[in-house]
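This report concerns only the one structure given below.
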Amino acid sequence: MNTGEDQVASRVLLESGVRMLYFPAFPSGQTLQLSAPEVEAWYKGQGAVSDALFQRYNNNPDTQFSGLGYGRYRNAGTTRIMWDIGNLIPFILPGLLSAQAVSAPRLQRAETVPNTCHGFETIGTTCMAYYPSSKEKYPCKEIDQYDLTRCNDAFYVDFPPEERKRDLVEAVMLGGLSGPGGSGIDLLHKLQAAGL
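In the working numbering, the protein residues as written are 917 to 1112.
Written out as structure tokens, the structure is:
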């Protein structure tokens, strides 16, 4: 689940107290990068799951929304972050991660500075919001698509101690990504061993 895409669902999950693994996209998830030649050499034709990863790389909807298209990832030296793999890593390659119990945060929407946001064109110019902890102003990064006068940024903040429910497990990337072939070839070996 992408926290920024559905802040209400994110708040419900984080505040529910259910057990969960939190796999932060930045900085952990972004380290899972593959190039087109790696995906073709390591995944294409290697099994059902490997083929699905190959197809996802080549037909990912992100390419439609970026305005750059798939050709962007065919350029020499370019890689794609494989967000979809990150969630599987703890179950396939647990040695790549360290995990720690952390207090579940609360997702708090930024307070918009009154009369500063007037549509998408004001992002990065006049649209301002307040940081939750310091109330210092900063340029808003995202406008609420349903209320163009409201900043849609959100921040993780600590629950007051009396409201804390249950810790969540936060995954943090460790070494192993910089070895020969990085995580891509290690993941392929696991998939092959499982006949996938």
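All residues carry an ideal CB built from backbone N, CA and C; glycine is no exception.
Selected residue, minimal CA-CA separation from Gly933, among Tyr1047, Tyr959, Arg1080, Asp1069: Arg1080
Would you kindly work out how many angstroms separate the C-alpha atoms of Cys868 and Ser926, rounded to a whole number? Because residue 868 is not part of the residues shown, which for the chain are 917 to 1112, the question remains open.
Go ahead and pull the three-state DSSP assignment for Ala1045. strand
From the DSSP output, read off the bridge partner residues of Gln1016. Glu1086
Return the bridge partner residues of Glu1027 from the DSSP annotation. Tyr1046
Can you look up Leu948 in the DSSP assignment and give me helix, strand or coil? coil
Which residues does DSSP list as the beta-bridge partners of Pro1055? Met1044
Whole-angstrom C-beta distance between Leu1013 and Val1088, which should lie under 8 Å: 7 Å
Contact between the region 1014–1022 and the region 1036–1048 (3+ Cβ pairs under 8 Å): no
By DSSP, does Asp922 sit in helix, in strand, or in coil? coil
Extent of the continuous alpha helix (DSSP H) to which Tyr973 belongs: 964–974
In terms of residues, what are the limits of the beta strand (DSSP E) holding Cys1033? Unbroken run through Cys1033: none, as it is neither H nor E.
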